[in-house]
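Encoded as structure tokens, the structure appears first; notes follow it.
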Amino acid sequence: MPSFSPVDVVRPFLDEPRVRPAQLQWRRRQFLSRDGDDSHFGVFDSFKAARAWLPNSPEFDDAALSEHEDVRSKKAFPYDYSFMWWLDRALRDGASSVLDIGGSIGLHCDANCRYFRMPDAPKWRVVEVPSVVLAGKHLAARNAAAALSLSESLDESIGTPCEDVWIAVNAIHYFEDARPDQLLKKCARRPQHILLSQLPLYNGEDFVTMQKIGEGAFAPVHVYNRARFIQDIKALGYTLWDRWAVQDRSMELRGYPERSFPSFTGLYFVDSTRMFKRCKPLPS
Numbered sequence: 538m539p540s541f542s543p544v545d546v547v548r549p550f551l552d553e554p555r556v557r558p559a560q561l562q563w564r565r566r567q568f569l570s571r572d573g574d575d576s577h578f579g580v581f582d583s584f585k586a587a588r589a590w591l592p593n594s595p596e597f598d599d600a601a602l603s604e605h606e607d608v609r610s611k612k613a614f615p616y617d618y619s620f621m622w623w624l625d626r627a628l629r630d631g632a633s634s635v636l637d638i639g640g641s642i643g644l645h646c647d648a649n650c651r652y653f654r655m656p657d658a659p660k661w662r663v664v665e666v667p668s669v670v671l672a673g674k675h676l677a678a679r680n681a682a683a684a685l686s687l688s689e690s691l692d693e694s695i696g697t698p699c700e701d702v703w704i705a706v707n708a709i710h711y712f713e714d715a716r717p718d719q720l721l722k723k724c725a726r727r728p729q730h731i732l733l734s735q736l737p738l739y740n741g742e743d744f745v746t747m748q749k750i751g752e753g754a755f756a757p758v759h760v761y762n763r764a765r766f767i768q769d770i771k772a773l774g775y776t777l778w779d780r781w782a783v784q785d786r787s788m789e790l791r792g793y794p795e796r797s798f799p800s801f802t803g804l805y806f807v808d809s810t811r812m813f814k815r816c817k818p819l820p821s
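Residues in the sequence shown are numbered consecutively from 538, following this note's numbering.
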């Protein structure tokens, strides 16, 4: 016979609406504690509302996180390869410049140079928070990466004649106002290729939650409705060429099973006027 712990017996009652306010306070304490193992907490309608529940936090502008990214840059993970393959295809198709939104210290630039025989080195611009930009500039100088530049301003980066390829890996949802369709409407010249990976997409309504991103560091994060997110980009003249599940990432939001999902998503869009000739896009 299966055995049940007291927690298994009580859990269904803990998620009932009438006990949710008390549960939220308890889960908040667990989420903020060093011993808590939840990576996400809460459902909010804005970054401002989520931050009201957070202690003062550097979010991603933290030197310790920058050091972690230096280690991360030396290794490719299984979820990187679909993204890297399509980026290689885009560069071989004639793209010569990349805007890397939330691209850390230039780790994608470094990984592509190491794992692929690149055409002429593309110009690579990374948009990041100040501490990461500083670490990235030190790394670029150390590696003599002349093609790599870093900026702290996303608005400034898209307001100038824009790069051929936009990429964002586990990044766009941490920006308060950076839905791709909104950025595309503001940019001086739209990219030919858009590569997005590790996106929190699911079949419910948009919401904001909080994520534990490091020791004593927390950040609000968007979670998007899948169909609406994709359609908003397609409506601006792009074709969804490929999508893939990122099985290494999931959203388990205690108290909100309807907003939890088993994997994140990768998406590759191509300007509908520039279609690859050797293969077909995904069916609509």
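Ideal Cβ positions, reconstructed from N, Cα and C, are used throughout, including at glycine.
- prompt: How many angstroms separate the CA atom of S797 from the CA atom of M788?
  reply: 5 Å
query: So, is Y711 buried or exposed, given that buried needs 16 or more other C-beta atoms within 10 angstroms?
result: buried
Cβ-based neighbour list, P584, same chain, cut-off 7 Å, excluding 5 preceding and 5 following: Residue 584 is actually Phe in this sequence, not Pro. E713, V745 and P757, listed in sequence order.
message: With the cut-off set at 8 Å, would you say S688 and V706 are in Cβ contact?
response: The answer is no: Cβ separation not under 8 Å.
message: So, at 6 Å on beta carbons, what are the nonlocal neighbours of G639 in its own chain, with the 5 sequence-adjacent residues on each side left out?
response: A705 and A708
field: Distance between P799 and V783 (C-alpha atoms, nearest Å)
entry: Each residue's CA atom was taken as its position, placing V783 and P799 some 9 Å apart.
query: Taking the Cβ atom as the reference point for each residue, do D701 and H730 lie within a distance shorter than 8 Å?
result: yes
- request: Per DSSP, which residues does L687 bridge with? Please list them.
  value: V663
Assigned exposure category for D637 - 16 Cβ within 10 Å defines buried: buried
- prompt: In three-state DSSP terms, what is Y761?
  reply: strand
task: Report all residues from its chain with a CB closer than 8 Å to the CB of A586; omit the five preceding and five following residues, and keep chain order.
output: V745
field: CB-CB length for L777 against L721, believed under 8 Å
entry: At roughly 14 Å, the Cβ-Cβ gap does not stay under 8 Å, so L777 and L721 are not in contact.
message: According to DSSP, L732 sits in a beta bridge with which residue or residues?
response: Paired residue(s): I704 and Y805.
- request: Identify whether Q719 lies in helix, strand or coil by the three-state DSSP scheme.
  value: Here Q719 sits in helix by DSSP.
task: Check whether the Cβ atoms of W661 and L732 sit closer than 8 Å, and answer yes or no.
output: The criterion of a C-beta distance shorter than 8 Å is not satisfied by W661 and L732.
task: Would you list the one or two residues that DSSP bridges to G792?
output: Bridge partners of G792: none, in fact.
query: Taking C-alpha atoms, which residue in V666, P728, K674 and V670 lies nearest to I695?
result: Nearest option by C-alpha distance: P728.
- prompt: Which same chain residues, not among the five before or five after D785, have their C-beta less than 6 Å away from its C-beta?
  reply: Y616
message: Just to confirm the assignment, what range does the beta strand (DSSP E) spanning W623 have?
response: No beta strand (DSSP E) contains W623, which is instead part of the alpha helix (DSSP H) from Y618 to R629.
- prompt: Roughly how many whole angstroms lie between the Cα atoms of D718 and D692?
  reply: 14 Å
- prompt: Would you report the Cα separation of P794 and R765, rounded to the nearest angstrom?
  reply: 21 Å
- request: Taking 8 Å as the cut-off, decide whether the C-beta atoms of Y659 and S619 are in contact.
  value: As written in the sequence, residue 659 is Pro, which differs from the Tyr given in the question. Contact flag unset, no.
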